[in-house]
Amino acid sequence: MASTAGVAPATPAPASDESGRRRGLTGYFLLVPGVVWLALFFVIPFYSLVAASLFDPSGSVVSGYEMTFHFQNYPDAIREYWEPLVRSLWYAGLSTLFCLILGYVLAYAIAFKAGRWKNLMLVLVIAPFFTSFLIRTLSWKLILADDGFVVNALQAVHILGAEGRLLATPVAVIAGITYNFLPFMVLPLFASIDKIDHRLIEASSDLYANPFVGFWKVTWPLSLPGVVSGTLLTFIPAAGDYINAQLLGSPNQRMVGNVIQNLFTNANDYPAASALSMILMILIIGMVLVYVRRAGTEELL
Amino acid sequence: MSSPADLTVQAPSSDDSFDGLRLRNVTKSFGSFTAVNDLDLDVPRGAFFALLGPSGCGKTTTLRMVAGLETPTQGSITLAGQDITYAKPYRRPVNTVFQSYALFPHLDIHENVAFGLKRRKVKDVDDQVRQMLDLVELDSQARKKPAQLSGGQQQRVALARALINQPEVLLLDEPLGALDLKLRRAMQIELKRIQTEVGLTFIHVTHDQEEAMTMADTVAVMNAGVIEQMGAPEELYENPRTTFVANFLGQSNLIVGQIKNRSSDFVTVDMHGIDVSVPAARAHVEGDKAWIGIRPEKVLIGDPGEELDAPGNSIPGGVVTDVSFNGVSTQYLVRMPWGQELQVFQQNTGHRRLYRSGESVELSWRPDYAFLLDHSQDARAGQEDDD
Chain A
3 MASTAGVAPA
13 TPAPASDESG
23 RRRGLTGYFL
33 LVPGVVWLAL
43 FFVIPFYSLV
53 AASLFDPSGS
63 VVSGYEMTFH
73 FQNYPDAIRE
83 YWEPLVRSLW
93 YAGLSTLFCL
103 ILGYVLAYAI
113 AFKAGRWKNL
123 MLVLVIAPFF
133 TSFLIRTLSW
143 KLILADDGFV
153 VNALQAVHIL
163 GAEGRLLATP
173 VAVIAGITYN
183 FLPFMVLPLF
193 ASIDKIDHRL
203 IEASSDLYAN
213 PFVGFWKVTW
223 PLSLPGVVSG
233 TLLTFIPAAG
243 DYINAQLLGS
253 PNQRMVGNVI
263 QNLFTNANDY
273 PAASALSMIL
283 MILIIGMVLV
293 YVRRAGTEEL
303 L
Chain B
42 MSSPADLTVQ
52 APSSDDSFDG
62 LRLRNVTKSF
72 GSFTAVNDLD
82 LDVPRGAFFA
92 LLGPSGCGKT
102 TTLRMVAGLE
112 TPTQGSITLA
122 GQDITYAKPY
132 RRPVNTVFQS
142 YALFPHLDIH
152 ENVAFGLKRR
162 KVKDVDDQVR
172 QMLDLVELDS
182 QARKKPAQLS
192 GGQQQRVALA
202 RALINQPEVL
212 LLDEPLGALD
222 LKLRRAMQIE
232 LKRIQTEVGL
242 TFIHVTHDQE
252 EAMTMADTVA
262 VMNAGVIEQM
272 GAPEELYENP
282 RTTFVANFLG
292 QSNLIVGQIK
302 NRSSDFVTVD
312 MHGIDVSVPA
322 ARAHVEGDKA
332 WIGIRPEKVL
342 IGDPGEELDA
352 PGNSIPGGVV
362 TDVSFNGVST
372 QYLVRMPWGQ
382 ELQVFQQNTG
392 HRRLYRSGES
402 VELSWRPDYA
412 FLLDHSQDAR
422 AGQEDDD
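Sequence lines, in order, name chains A and B.
For the record, in the first sequence the residue sitting at position 275 is 277 according to our numbering, with numbers rising by one throughout.
For the record, in the second sequence the residue sitting at position 112 is 153 according to our numbering, with numbers rising by one throughout.
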C-alpha cells in the first residue's frame, strides 16, 4: 500500500523578529480559554484519577482512602476484569469495521453521486444528533424487541429459531454501537473523499486502470486521512461505551465501561475503577499510536 | 454544417484502410446545449494535429470523446479501423495529457510515470520509466512528489506518464496553458521534438492560434461545435474560408463589396466605387454581396498618387488616424473615404518613410493576397475581444 497522502512539506514562514514575536504572543493569548478549560476539566480530574488508581484498596468511601502507591491495583484489575476489557476492544473493533464499510459507501455516494442532494444528505447524517443518544438507543431496544418486527421476520425465514432473540446478544450490542457512531465515521470520510479531484480518477481510467483498480490505487489512498480519523473517532468512544451494552445487552455482554461505571457508582471501589480506567486509556493510546504509524498518516496527530 | 471541413485537402474518404483516427457525424449534447455538432474529422497516423478554437467551442469535449471520458450522443469514432465509440477509456490505446496535469499526489514521479505500464502488467517497467524520465530530462527528480516540482516539470511528468504507454493517439488538452510565456515557447519546441522522435499521433487542443500554427502540421479551427476549416497552418492563414477563421487566426481587414463580374480566374468586386479583383480560387461567396478580406501586412501604404509595388487594387483617399511603432514594424490605422478604419502593418525595412497621424495616404494590395467571404457571416466573428 502506497503510504502518505500527498502533503507538501511545510516550509517555515520567514517572518521578521518583530511581527514574529507579536504573532507568538497572540497565539498564547488565544490559547488561554482552552488551557483553562482543559486544566479544570481534564488535567485536575486526570490527576485525581491517576492518584485514585494508586490508593490503598482496603479503604472505603466512608473511612477514606490512603495514598500507598499500590501498583498492585493494576494487575488485580486485569486479573479480575480481563474479560470485559477484551470484549470491549473486540466489540469496538467489529463496530468500527462495520461503520467503515457502511460509512465509506455512504460518504462516497454523498461526495460523488449525490449531486444537488449533497447538503440534504449531510443534514440527514447529522439529524439523529438532534435526539438524545439514550432515546435513540432505547428505540433500538423497541426495534429489536422479542415480539418486534425484526425478530418476527427473522424467525419467519428461520434465521432465528422459534425461541431466538436479538436483545441481550452481542449482535444487538454491536448493531447499537455501529448505529450510534456511524456519523463520526461518515463525516471525516466525506470530508476526505469530497476533496479528491475527480480528474485524478479520470486520469487513472485513462491510464488503463479499470474502476476497481482505480479505486484501490487512487481513491482509497487519497481518502486514507479520512479513514484514519474516522476509525479513531469511532473506535475510541466505542471501546469505552457502556450505554449500548447496558440497554441492548445482558451481563454476558458487559463491556469495560459498564464495569467501571458499576465500580464507581455501586461498588464504590474507587482504586479498582481508576486502575481499570487507566488501563483502558493506556491500551487505546498504544493501539492508536501503532495504527497511525502503520497507516502512515502521522500528519494527522 | 461541416461542409468547410469536407472541402479541404484531407477530405474524408470512405475507404476502410484508413489507419488513423476518424470521427464521423459525432454529436454531443448536454441537455439542450450542443457542444459538438455533427463533426467529421480524420487525423492521419503520425500527424501533429491541432484543434484550435475559443473556449467553449467544443474542442475539449471532442478530445474527451476520443479519450472515452464522454460518450457521443450520436456518431462513431474509429481508431485504426476499430470502432471505439463506446469502448471504456481504460480499454483504448489513447492517453491524455490533462490541462491540470492530474498527477497523482500520493505517488512519486517514478510511480506516476509507471502507473499505466503497471496496470497493463508490462515487464521491466523500471527501465522504461528511467528512459522516459531521461527523455523529458527529469531523471534526477524520480523520487519527488508532484507537489515538489515546478509547473514546467509537472507538465513534463504528465507528458511522460502518457507517452510511456506508446498510445496510438496522444491527446493534449491545453497542456501549456498554465505555463508562463517563455516556458511555453520552450515546451512548444520540446513537444514538437518529442513528437518527431517518437512518431506518435498527437492531437493538441488549444485556444492559442500561434501555438497551434507553430506546432501542428494540420490545424482544425473549431467554433460553436463545428469545424470551420481544416488544413495546413499556411493555407488557413492565407486563404481563410470564413470570417471566423480570418479573424481568429491573425487579423484581417474585412470590407463590404458588391460582386460585379465572375470570370474563370478572377472575381471583380465593387468596393465603395473602386473595382478590386480577387482570384476565383480565393472567393468563397454564394450571393452578390461579399466581404473583401486582406491581411494587414499585405497592405502597402504610400503617398497619394505614388506608384506602389502592387499592381491591381489601389485605393486612394485614406487618412492616417493612428500610428504605433513597435520596432520590427509600424502599425497604422487608416480611415478610408467610406468611414471604415483599415489596419496596415509595414515592415521597418528603412526603404520607406514613416507616416504621421493626419497625413493623406493611398493604400494598395496585390489581388493575389485578397480573399472573398460570404457577406451573410458576421464580420466580427472570432475577434479576440469577443472571447
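For every residue, glycine included, the Cβ atom is placed at its ideal position computed from N, Cα and C.
Because the structure is a prediction, the values reported are computed rather than measured.
Original post:
Which residues of chain B have a Cβ atom closer than 7 Å to the Cβ of A:Ala205, listed in chain order?
Top reply: For the purposes of this step, residue 205 of chain A is taken as residue 203 along the first sequence, with counting starting at 1. Result: Phe139 and Ala143.
Original post:
Going along chain A, which residues have a C-beta under 9 Å from B:Tyr131?
Top reply: Your numbering for residue 131 of chain B matches position 90 in the second sequence. Residues of chain A passing the Cβ test: Ser206, Ser207, Asp208, Leu209, Tyr210, Ala211, Asn212, Pro213, Val215 and Gly216.
Subject >> Cβ-based burial, B:Arg133 [other Cβ within 10 Å; buried from 16] >> reply: One-based indexing of the second sequence puts residue 133 of chain B at position 92. By the 10 Å Cβ count, B:Arg133 comes out buried.
Original post:
Can you tell me whether B:Asp83 is buried or exposed, with buried defined as 16 or more other CB within 10 angstroms of its CB?
Top reply: Translated into positions along the second sequence, residue 83 of chain B becomes position 42. Buried is the label assigned to B:Asp83, since at least 16 other Cβ atoms lie within 10 Å of its Cβ.
Original post:
If we count the other Cβ atoms within 10 Å of its Cβ and call it buried at 16 or more, is B:Asp221 buried or exposed?
Top reply: Locating residue 221 of chain B in the second sequence gives position 180, counting from the first residue. Exposed, since its Cβ has fewer than 16 Cβ neighbours within 10 Å.
Subject >> Reference B:Asp415; option with closest CA among B:Glu348, B:Lys330 and B:Arg105 >> reply: Here residue 415 of chain B is taken as the residue at index 374 of the second sequence, counted from 1. In this structure, B:Lys330 is the residue among B:Glu348, B:Lys330 and B:Arg105 with its C-alpha nearest to the C-alpha of B:Asp415.
Original post:
B:Asp272 bridges to which residues according to DSSP?
Top reply: Locating residue 272 of chain B in the second sequence gives position 231, counting from the first residue. Checking the sequence shown, residue 272 of chain B turns out to be Gly, not Asp. In DSSP, B:Gly272 forms a bridge with B:Val260.
**OP:** In the DSSP assignment, find the unbroken alpha helix (DSSP H) run with B:Thr101 in it and report its ends.
**Re:** As a first step, residue 101 of chain B must be located in the second sequence, where it is residue number 60. Run containing B:Thr101: Lys100 to Ala108, per the alpha helix (DSSP H) assignment.
Original post:
Cα separation between A:Ala297 and A:Gly36?
Top reply: Position 295 of the first sequence, counting from 1, holds the residue named residue 297 of chain A. Position 34 of the first sequence, counting from 1, holds the residue named residue 36 of chain A. Between A:Ala297 and A:Gly36, the alpha-carbon positions lie close to 30 Å from each other.
Original post:
In this structure, does DSSP put A:Val107 in helix, strand or coil?
Top reply: As a first step, residue 107 of chain A is located in the first sequence; it is residue number 105 there, counting from the start. A:Val107 falls in the helix class under three-state DSSP.
Original post:
Under a CB-based cut-off of 9 Å, is A:Val220 close to chain B?
Top reply: Position 218 of the first sequence, counted from the start, is the residue given in the question as residue 220 of chain A. Taking 9 Å as the CB threshold, A:Val220 lines the interface with chain B.
Original post:
Shorter than 9 Å from the beta carbon of B:Ala108 to some beta carbon of chain A?
Top reply: In the second sequence, counting from the first residue as 1, residue 108 of chain B sits at position 67. It does; some Cβ of chain A falls within 9 Å.
**OP:** Kindly indicate if chain B contains any beta-carbon less than 9 Å away from that of A:Pro223.
**Re:** Residue 223 of chain A sits at position 221 when you count from the first residue of the first sequence. A:Pro223 counts as touching chain B.
Subject >> Segments assigned alpha helix (DSSP H), at least 4 residues, entirely inside the region 328 to 370 of chain B >> reply: Runs of alpha helix (DSSP H) with 4 or more residues, each lying fully within the region 328 to 370 of chain B, are absent.
Subject >> Pair within 9 Å by beta-carbon distance, A:Asn270 and A:Ser62 >> reply: What you label residue 270 of chain A is simply residue 268 of the first sequence in a count that begins at 1. What you label residue 62 of chain A is simply residue 60 of the first sequence in a count that begins at 1. Between A:Asn270 and A:Ser62, the gap from beta carbon to beta carbon is short of 9 Å.
**OP:** Give me the Cβ distance between B:Asn136 and A:Leu209, rounded to the nearest whole Å; I'm assuming they're in contact under 8 Å.
**Re:** By one-based count along the second sequence, residue 136 of chain B stands at place 95. By one-based count along the first sequence, residue 209 of chain A stands at place 207. Sure, about 7 Å apart at Cβ, within 8 Å.
Subject >> Inter-residue Cα distance where the pair is A:Trp119 and A:Tyr110 >> reply: Position 117 of the first sequence, counting from 1, holds the residue named residue 119 of chain A. Position 108 of the first sequence, counting from 1, holds the residue named residue 110 of chain A. Spanning the two alpha carbons is a distance of roughly 13 Å.
Original post:
Just the Cα atoms here: how many angstroms apart are A:Tyr49 and A:Asp58?
Top reply: Within the first sequence, the letter at position 47 stands for residue 49 of chain A. Within the first sequence, the letter at position 56 stands for residue 58 of chain A. Rounded to the nearest angstrom, the two C-alpha atoms are 16 Å apart.
**OP:** Name, going along the chain, the residues of the region 154 to 170 of chain B whose beta-carbon falls closer than 8 Å to a beta-carbon of chain A.
**Re:** Contacts with chain A (Cβ-Cβ distance below 8 Å) from the region 154 to 170 of chain B involve Phe156, Gly157, Arg160 and Arg161, listed in chain order.
**OP:** For A:Tyr244, count neighbouring Cβ atoms within 10 angstroms of its own Cβ and tell me buried if that reaches 16, exposed if not.
**Re:** Sequence index remark: in the first sequence, residue 244 of chain A carries index 242 (1-based). Flag for A:Tyr244 reads buried.
Subject >> Delimiting residues of the alpha helix (DSSP H) encompassing B:His151 >> reply: Looking up residue 151 of chain B in the second sequence gives position 110. Its alpha helix (DSSP H) spans residues Ile150 to Arg160.
**OP:** Check whether the Cβ atoms of B:Gly358 and B:Pro337 sit closer than 9 Å, and answer yes or no.
**Re:** If you number the second sequence from 1, residue 358 of chain B lands on position 317. If you number the second sequence from 1, residue 337 of chain B lands on position 296. Contact flag unset, no.
**OP:** For B:Asn136, return the contacting residues in chain A, with the cut-off set at a CB-CB distance below 8 Å.
**Re:** In the second sequence, counting from the first residue as 1, residue 136 of chain B sits at position 95. Those within 8 Å of B:Asn136 in chain A are Asp208 and Leu209.
**OP:** Take A:Leu184 and list the residues in its own chain whose beta-carbon comes closer than 7 Å to its own, dropping the five residues that flank it on each side.
**Re:** Counted from its first residue, the first sequence places residue 184 of chain A at position 182. Excluding sequence neighbours, A:Leu184 sits near Cys101, Leu104 and Gly105.
Original post:
Buried or exposed: where does A:Ile262 fall if 16 or more other Cβ atoms within 10 Å of its Cβ makes it buried?
Top reply: Mapped onto the first sequence, residue 262 of chain A falls at position 260. Buried, because 16 or more other Cβ atoms sit within 10 Å of the Cβ of A:Ile262.
Subject >> Inter-residue Cα distance where the pair is B:Gln418 and B:Glu276 >> reply: Taking the second sequence and counting its residues from 1, one reaches residue 418 of chain B at position 377. Taking the second sequence and counting its residues from 1, one reaches residue 276 of chain B at position 235. Straight-line measurement puts the Cα of B:Glu276 at about 20 Å from the Cα of B:Gln418.
Original post:
Is it the case that the Cβ atoms of B:Val308 and B:Ser318 are separated by a distance below 9 Å?
Top reply: As a first step, residue 308 of chain B is located in the second sequence; it is residue number 267 there, counting from the start. As a first step, residue 318 of chain B is located in the second sequence; it is residue number 277 there, counting from the start. Yes, they are a contact pair.
Original post:
Would DSSP call B:Asp60 helix, strand or coil?
Top reply: Counting from 1 along the second sequence, the entry for residue 60 of chain B is found at position 19. Reduced to three states, the DSSP call for B:Asp60 is coil.
Original post:
Going by other Cβ atoms of all chains shown within 10 Å of its Cβ, with 16 needed for buried, is A:Glu305 buried or exposed?
Top reply: The structure shown has nothing for residue 305 of chain A, since chain A only spans 3 to 303.
Original post:
If A:Leu162 sits next to A:Val153, beta carbons under 8 Å apart, how far is it from one beta carbon to the other, in whole angstroms?
Top reply: Your numbering for residue 162 of chain A matches position 160 in the first sequence. Your numbering for residue 153 of chain A matches position 151 in the first sequence. 6 Å between Cβ atoms; contact.
Original post:
Would you say the region 231 to 248 of chain A touches the region 187 to 206 of chain A, given that touching needs at least three Cβ pairs under 8 Å?
Top reply: Segments in contact, yes.
**OP:** Count the other C-beta atoms from every protein chain shown that fall within 10 angstroms of the C-beta of B:Leu148, then say buried if there are 16 or more, exposed otherwise.
**Re:** The count along the second sequence starts at 1 and reaches residue 148 of chain B at position 107. B:Leu148 comes out buried.
Original post:
If you drop the 5 nearest sequence neighbours on each side, which residues of the same chain put their C-beta closer than 6 Å to that of B:Gly343?
Top reply: Locating residue 343 of chain B in the second sequence gives position 302, where the first residue counts as 1. Cβ within range, chain order: Leu349 and Glu403.
Subject >> Start-to-end residues for the beta strand (DSSP E) that takes in A:Val127 >> reply: Taking the first sequence and counting its residues from 1, one reaches residue 127 of chain A at position 125. Bounds of any beta strand (DSSP E) do not take in A:Val127; it lies within the alpha helix (DSSP H) bounded by Lys120 to Ile128.
Original post:
Are the beta-carbon atoms of B:Gly266 and B:Thr75 separated by less than 9 Å?
Top reply: As a working note, residue 266 of chain B is residue 225 in the second sequence. As a working note, residue 75 of chain B is residue 34 in the second sequence. Going by C-beta atoms, B:Gly266 is nearer than 9 Å to B:Thr75.
Original post:
Nearest CA to the CA of B:Ala128: which residue from B:Ser141, B:Val107, B:Ala143 and B:Gln140?
Top reply: Taking the first residue of the second sequence as position 1, residue 128 of chain B is located at position 87. Of the candidates B:Ser141, B:Val107, B:Ala143 and B:Gln140, the one whose C-alpha sits nearest the C-alpha of B:Ala128 is B:Val107.
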